[in-house]
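In the numbering used here, the protein residues as written are 11 to 468. By construction, the Cβ of each residue, glycine as well, lies at the ideal position given by its N, Cα and C atoms. Below: one structure, written as structure tokens.
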């Protein structure tokens, strides 16, 4: 944390220097720069507590670091509001262009710094550095799922030292089930009375207790919590309900009593209104800016092969409502509309211009009309065809229908985008649980970057 604070302070100074060089240095006198150095010092003193308050110095391991990026955007937004208030109330005579550039540079430098930090951190963890030693108490279904999840994601920086369970039968069954999982060889412990000794001898950093009120018999949680506090060991509880393992558990305070809330909350009225305004404004701007692109693509599709310019297909939207989804046609006219999706760009059903449209995702642009009509959002789960939704009986999968489907989403910018979306439901559940305007902005920016990169490589 100390190193991050030091680097962040350097980033603040670099942002101010860059803003000064771009906007002020050519018209400022030689004796004017100390005033901007004072501004940089004041900004750094304000940024560090704001960053800490927004959670930038907490250890969090989220999907594709999206939550961490959202925290950065929120932090810079708070800082920019503070800069505006300072300039107004104290009548600070800094050029407006300088203040704007300082915010932009701070955001760019901070994102770049954290991206480098995340990459280095992952590499260090893969080589055994910054790895937290974990003990899982409870070898039931929840404990095994956690163990497998940690084994499949070594970049998270966890190493399972062992599983502890007083039920030897369950422990042996778990050992057979998990044998050879991802190269992590966890020890099996069955003596609860030796728990404190295991923690100290194995140098445990974190403990995960699965099903603490059902599977762990005589475990004295209060005594364990006190011991962990003295030893500097983080104690975590893993509440688990069958079929809800992918849902986020939230802790609420009810008059001083901690209560765990499970499941996905449906979007409220204010949230829906805010997202609708965001979708309308941004999709309208995109349509106006991209009208020439629409005209060129429509002409290319028409000249490339006979048939309509647009491809229309029925999809399932929010709460199961059906709607017509629009795309630029990328396959020949005689191909059935509900035929299986191409697995390769060399599929003979795809037209020559269709290969370019699919590679760059430009075929999705007509869905901006679906957004304006209120059938879709810019960001959300991908809409599936009715027969796919009907064929999947999982309640978890149907949670996707709580929100409007989107043109883009986390799955589209992930490394798993070549696989079927219903095989990667975790991306949609993660988005629904963490949905916000800031997260939408991050996903849209990364989608545009992905599209530009695809066009350059094509």
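**Study point:** Per DSSP, the bridge partner or partners of residue 172
**Key:** Counted from its first residue, the chain shown places residue 172 at position 162. Note: residue 172 sits in a beta bridge opposite 145 and 197.
Exercise for review: Following the continuous alpha helix (DSSP H) through residue 435, name the residue where it begins and the one where it ends.
Suggested key: Taking the first residue of the chain shown as 1, we reach residue 435 at position 425. Per DSSP, residue 435 belongs to the alpha helix (DSSP H) from 435-444.
Review point. Who does residue 260 pair with in a DSSP beta bridge?
Key: The residue labelled residue 260 in the question sits at position 250 within the chain shown. Residue pairing from DSSP places residue 260 in a beta bridge opposite 271.
Practice item. Might you give, ordered along the chain, the residues of its own chain that have their beta carbon closer than 6 Å to the beta carbon of residue 120, omitting 5 neighbours on each side? Key: As a first step, residue 120 is located in the chain shown; it is residue number 110 there, counting from the start. Taken in chain order, the residues that qualify are 21 and 82.
Exercise for review: Could I get the ranges of all uninterrupted beta strand (DSSP E) runs contained in the region 339-398, with 3 residues as the minimum, in chain order?
Suggested key: The beta strand (DSSP E) runs lying completely inside the region 339-398 and spanning 3 residues or more are 387-389, given in chain order.
**Study point:** 7 Å CB neighbourhood of residue 136 in its chain, flanking five on each side removed
**Key:** Taking the first residue of the chain shown as position 1, residue 136 is located at position 126. These residues qualify, in order along the chain: 164 and 165.
Check your understanding: Just how far apart, CA to CA, sit residue 449 and residue 238?
Key -> Counting from one through the chain shown, the residue named residue 449 turns up at place 439. Counting from one through the chain shown, the residue named residue 238 turns up at place 228. In a straight line, the C-alpha of residue 449 is about 35 Å away from that of residue 238.
Exercise for review: Give me the Cα-Cα distance between residue 335 and residue 93, rounded to the nearest whole angstrom.
Suggested key: Here residue 335 refers to the residue found at position 325 of the chain shown. Here residue 93 refers to the residue found at position 83 of the chain shown. Residue 335 and residue 93: Cα-Cα distance of roughly 44 Å.
**Study point:** Residue ranges of each beta strand (DSSP E) within the region 70-120, 3 or longer
**Key:** Complete beta strand (DSSP E) runs here, min 3: none at all.
Point to revise | For residue 32 and residue 53, the rounded distance between their alpha carbons | key: Counting from 1 along the chain shown, the entry for residue 53 is found at position 43. Counting from 1 along the chain shown, the entry for residue 32 is found at position 22. Answer to the nearest angstrom: the Cα atoms are 18 Å apart.
Practice item. Take residue 186 as the anchor and find which of 150, 204, 209 and 215 has the nearest alpha-carbon. Key: In the chain shown, the residue the question calls residue 186 occupies position 176. When each option's Cα is compared against that of residue 186, the closest is 150.
Point to revise | Pairwise C-alpha distance: residue 203 and residue 64 | key: Within the chain shown, the letter at position 54 stands for residue 64. Within the chain shown, the letter at position 193 stands for residue 203. Their backbone Cα atoms lie some 40 Å apart in a straight line.
Check your understanding: Quick one, which of 262, 456, 169 and 412 has its alpha-carbon nearest residue 424's?
Key -> Position 414 of the chain shown, counted from the start, is the residue given in the question as residue 424. Ranking 262, 456, 169 and 412 by Cα distance to residue 424 puts 456 first.
Check your understanding: When you compare only the Cα positions, how much space is there between residue 144 and residue 95?
Key -> Here residue 144 refers to the residue found at position 134 when the chain shown is read from its first residue. Here residue 95 refers to the residue found at position 85 when the chain shown is read from its first residue. Their backbone Cα atoms lie some 46 Å apart in a straight line.
Review point. Quick one: what's got a C-beta closer than 6 Å to residue 196's C-beta in the same chain, skipping five residues either side?
Key: Within the chain shown, numbered from 1, the residue matching residue 196 stands at position 186. If we look at residue 196 and ignore the five residues flanking it on each side, its Cβ neighbours are 170, 172 and 173.
Check your understanding: In chain order, what residues of the same chain have a beta carbon less than 8 Å from the beta carbon of residue 454, not counting five sequence neighbours either side?
Key -> Working through the chain shown from its first residue, we reach residue 454 at position 444. Closer than 8 Å at the Cβ level, and outside the excluded window around residue 454, lie 292, 388, 389 and 418.
**Study point:** Three-state secondary structure assigned by DSSP to residue 404
**Key:** Counting from 1 along the chain shown, the entry for residue 404 is found at position 394. Looking at residue 404 - three-state DSSP - the assignment turns out to be coil, as it is neither helix nor strand.
Practice item. Express the C-alpha separation of residue 461 and residue 421 in angstroms, rounding to a whole number. Key: Residue 421 sits at position 411 when you count from the first residue of the chain shown. Residue 461 sits at position 451 when you count from the first residue of the chain shown. Cα-Cα distance, rounded: 14 Å.
Check your understanding: Any idea if residue 380 is buried or exposed, counting beta-carbon neighbours within 10 angstroms, 16 or more meaning buried?
Key -> Within the chain shown, numbered from 1, the residue matching residue 380 stands at position 370. Residue 380 is buried by the Cβ-count criterion.
Check your understanding: What do you get for residue 85, buried or exposed, if any count of 16 or more other CB atoms within 10 angstroms of its CB means buried?
Key -> Residue mapping note: residue 85 aligns to position 75 of the chain shown, counting from 1. Taking every protein chain shown into account, the CB of residue 85 has 16 or more other CB atoms within 10 angstroms, so this residue is buried.
Practice item. Quick one: grab the DSSP three-state call for residue 26. Key: Position 16 of the chain shown, counted from the first residue, corresponds to residue 26. Residue 26 falls in the helix class under three-state DSSP.
Practice item. Please name the residue in 391, 401 and 12 whose C-alpha comes closest to that of residue 409. Key: As a working mapping, residue 409 is identified with position 399 in the chain shown. Measuring from the Cα of residue 409, the nearest candidate turns out to be 391.
Review point. Under 8 Å, do residue 46 and residue 60 count as touching if we go by C-beta distance?
Key: In the chain shown, counting from the first residue as 1, residue 46 sits at position 36. In the chain shown, counting from the first residue as 1, residue 60 sits at position 50. Not a contact, by the Cβ cut-off of 8 Å.
Check your understanding: Going by DSSP, what residues sit across from residue 313 in a beta bridge?
Key -> Locating residue 313 in the chain shown gives position 303, counting from the first residue. Paired residues: none, contrary to the question.
Check your understanding: Based on Cα-Cα distance, which residue from 411, 435, 14 and 376 lies nearest to residue 303?
Key -> By one-based count along the chain shown, residue 303 stands at place 293. For the residues 411, 435, 14 and 376, the minimum Cα distance to residue 303 belongs to 376.
Practice item. Go to residue 45, then tell me how far its beta strand (DSSP E) extends in each direction, as first and last residue. Key: One-based indexing of the chain shown puts residue 45 at position 35. Per DSSP, residue 45 belongs to no beta strand (DSSP E); it is in the alpha helix (DSSP H), 43-63.
Review point. Between the C-alpha atoms of residue 58 and residue 328, what's the straight-line distance to the nearest angstrom?
Key: For the purposes of this step, residue 58 is taken as residue 48 along the chain shown, with counting starting at 1. For the purposes of this step, residue 328 is taken as residue 318 along the chain shown, with counting starting at 1. Between residue 58 and residue 328, the C-alpha separation is close to 41 Å.
Check your understanding: For residue 405, is the classification buried or exposed, using 16 other Cβ atoms within 10 angstroms of its Cβ as the cut-off for buried?
Key -> Working through the chain shown from its first residue, we reach residue 405 at position 395. So residue 405 ends up on the exposed side.
Review point. Measuring CB to CB, does residue 308 end up less than 8 Å from residue 319?
Key: One-based indexing of the chain shown puts residue 308 at position 298. One-based indexing of the chain shown puts residue 319 at position 309. Against a cut-off of 8 Å, the Cβ pair of residue 319 and residue 308 comes out as a contact.
**Study point:** Selection from 241, 350, 382 and 138 that minimises the alpha carbon distance to residue 209
**Key:** If you number the chain shown from 1, residue 209 lands on position 199. Here the closest residue by C-alpha is 241.
Review point. Helix, strand or coil: which one does DSSP assign to residue 211?
Key: Residue 211 sits at position 201 when you count from the first residue of the chain shown. Helix at residue 211.
Review point. Per DSSP, what kind of secondary structure is residue 185 in: helix, strand or coil?
Key: As a working mapping, residue 185 is identified with position 175 in the chain shown. Correct three-state label for residue 185: helix.
Practice item. Please determine, among 297, 125 and 109, the residue with the shortest C-alpha to C-alpha distance to residue 90. Key: For the purposes of this step, residue 90 is taken as the residue at position 80 of the chain shown. Closest by alpha carbon: 109.
Exercise for review: Taking all protein chains shown into account, decide if residue 374 is buried (16 or more other Cβ within 10 angstroms of its Cβ) or exposed.
Suggested key: Within the chain shown, numbered from 1, the residue matching residue 374 stands at position 364. Per the 10 Å Cβ criterion, buried.
Review point. Alpha carbon to alpha carbon, what distance is there between residue 127 and residue 470?
Key: The chain is shown only over 11 to 468; residue 470 falls outside these bounds and no answer can be derived.
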